[in-house]
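Let me begin by presenting the structure, written as structure tokens, before commenting on it.
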Amino acid sequence: NALACEPGRSLEIEILEDRDWERAWLEHFAPMRFGKRLWIRPGGQALNAGPDAAIVDLDPGLAFGTGTHPTTALCLEWLDAHPPKQDPDAQSVATTVREQTTTTASAPLEQRVPMSRLRARIAERLVEAQQTAAILTTFNEVNLQAVTELRTRYRERFEQQHGVRLGFMSFFVKASVEALKRFPILNASVDGHDIIYHGYYDIGIAVGSPRGLVVPILRGADRLSFAEIEKSVRQFGQKAKEGTLTYEELSGGTFTISNGGVYGSMLSTPILNPPQSGILGMHKIQERPVAENGQVVIRPMMYLALSYDHRIVDGKDAVQFLVTIKELLEDPSRLLLDL
């Protein structure tokens, strides 16, 4: 709360019903020079004691902010001619506040923080997706035993030859591109009353950053090798942490893959990235018992989620699209043989 002051103008404060302690604190506030500001935290200590702040004396029995505000910014006029009130009512309120501070010290605090530009933009896009598209999600699960064995078998040779680890994302990108070729409606977007079918495969890879989620784009993913995909994904992750992703790297995209599994998510319903009509959600790989040929075996399983725009994507196409990804991942040799 920044209370602006003007020379010669009296300070008016509106007191809420449940914040009488705030009035008591203000009435016992030792006057501060005009034009200065002081940030106070619970306990009455100054957060900013530099040239732009002035230190004031507080009643040691009052701990401003306890139970309500973690910080407050105040600007008070110089009140030499008008010392703080010391009327009986104020003393009574101050006594009440002193008594309550011991019981409210552990109460939850509130803090109002403005959104960053990125967070505000993310919020706008999420609301846009919810209000514009008819979002529906279909689920399946995939047995990643074959992919895991393939990665284990060639991990060292792959890293030595290409200088990057063989991860799971390249398999999912390859499987998604193949499924998009078979079901082009998932690679399309809506523009008014028109459907735009894209003849290219620019796959967005959702990446977490200190400022929020960003979605850099793998351009022409259908022409990229496993190594090129892994190198690009690694580079995207580094740039996201450093905040150096360019507008070109973040714009466009025809389909998105999001991996909540890196944070431990078992299942989710990803939100579309407008104007795209589909987004694939990966999740945590968990060893679970499954039935194979009449036997119960332990396999690395992952739940898959496909959110799609039901305005243009029929449920049948969405389900078959996700089943195609499942089948390709359970037999990854088909990705190499175009089968």
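Be aware that the sequence shown starts at -5, since it is given in the numbering used here, and climbs by one per residue. For every residue, glycine included, the Cβ atom is placed at its ideal position computed from N, Cα and C. The model shown is predicted, which means the values in this text are computed figures rather than measured ones.
The DSSP assignment places complete alpha helix (DSSP H) segments of no fewer than 4 residues inside the region 163 to 220 at 163 to 176, in order along the chain. Using a Cβ distance threshold of 7 Å, residue 139 and residue 328 do not count as a contacting pair. By alpha-carbon distance to residue 272, the top candidate from 136, 312, 160 and 298 is 312. A residue is called buried once 16 or more other Cβ atoms fall within 10 Å of its Cβ, and residue 128, having fewer, is exposed. A direct Cα-Cα distance of roughly 24 Å separates residue 181 from residue 202. Look at residue 234 here: in three-state DSSP terms it is helix. The beta carbons of residue 197 and residue 249 sit closer together than 7 Å. Counting along the chain, residue 281 sits inside the beta strand (DSSP E) bounded by residues 280 to 286. A Cβ-Cβ separation of about 4 Å places residue 183 in contact with residue 269 under the 8 Å criterion. CA-to-CA, the gap between residue 216 and residue 281 works out to about 31 Å.
Residue 104: not part of any beta strand (DSSP E); DSSP gives it neither H nor E.
By the Cβ criterion, the region 281 to 291 is not in contact with the region 112 to 132, since fewer than three pairs of Cβ atoms, one from each stretch, lie closer than 8 Å. Secondary structure of residue 325 (DSSP, three-state): coil. With contact defined as three or more Cβ pairs closer than 8 Å, the region 252 to 268 and the region 227 to 241 are not in contact. Taking 7 Å as the cut-off, the Cβ atoms of residue 326 and residue 174 do not count as close.
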